[in-house]
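Below you'll find the structure, written out as structure tokens, and then a few comments.
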Amino acid sequence: MRGAVMLSLLIGVAIMAYLWSTSAETASKVNRDVRQEMAPVTGRGPDGGSITDSAEFTADRAGLAVAKVKPGSYYEVFFGLKAGDVIVRAGDIDLKGQDETSAQTFLMDAAQKKRELVVMRAGARTTLTAK
């Protein structure tokens, strides 16, 4: 009799553990999806980092040169931006001739609104569309 009670208890615990793990997986996926959907509003990437910290830029006569992109960051995940790219257009704003601060401001605005970025990559003009 005691063995049957213990077995029932163990089966109950196993079922609860299974349901909890399934629920936790679902909640984690929903959290990840919501974070990705809210990224344009919050200015944060899937890694939780701010859009302003997701890449480093330098002025370039053609636009804004990408010096470094953090793995898993806003610009990498949503646009596929890579170090060595030169951003020549952000949304409908041409970045050529813009000072670095203005160019970064236009870039951030376009990126948060998920507008297209046009870059020069390995000598070819490429349009990056937000995911």
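Here the sequence shown is numbered in the UniProt record's numbering, starting from 1 and rising by one per residue.
Every residue gets a Cβ at the ideal spot worked out from N, C-alpha and C, and that includes glycine.
Could you give the first and the last residue of the continuous beta strand (DSSP E) run that contains residue i?
i	result
residue 105	Looking at the DSSP string, residue 105 is not in any beta strand (DSSP E); the run it does join, the alpha helix (DSSP H), is 100-112.
Go ahead and pull the three-state DSSP assignment for residue i.
i	result
residue 130	coil
residue 84	coil
residue 64	strand
residue 59	strand
residue 117	strand
residue 54	coil
residue 17	helix
residue 4	helix
Thinking C-beta only, is residue j closer than 8 angstroms to residue i?
i	j	result
residue 116	residue 127	yes
residue 88	residue 119	yes
residue 69	residue 76	yes
residue 47	residue 72	yes
residue 51	residue 14	no
residue 78	residue 130	yes
Run the proximity test for residue i: is its beta-carbon closer than 7 angstroms to any non-hydrogen atom belonging to the ligand PLP?
i	result
residue 101	Of the ligands one can find in the structure shown there are none, so the ligand PLP has no counterpart to examine.
For the alpha helix (DSSP H) that contains residue i, what are its first and last residues?
i	result
residue 76	74-79
Roughly how many angstroms lie between the CA atoms of residue i and residue j, to the nearest whole one?
i	j	result
residue 74	residue 114	11 angstroms
residue 54	residue 10	48 angstroms
residue 91	residue 81	15 angstroms
residue 108	residue 84	18 angstroms
residue 93	residue 124	19 angstroms
residue 49	residue 16	35 angstroms
> Are three or more beta carbon pairs between the segment 55-72 and the segment 90-97 nearer than 8 angstroms?
Replying inline: Counting Cβ pairs under 8 angstroms, three or more are found: they touch.
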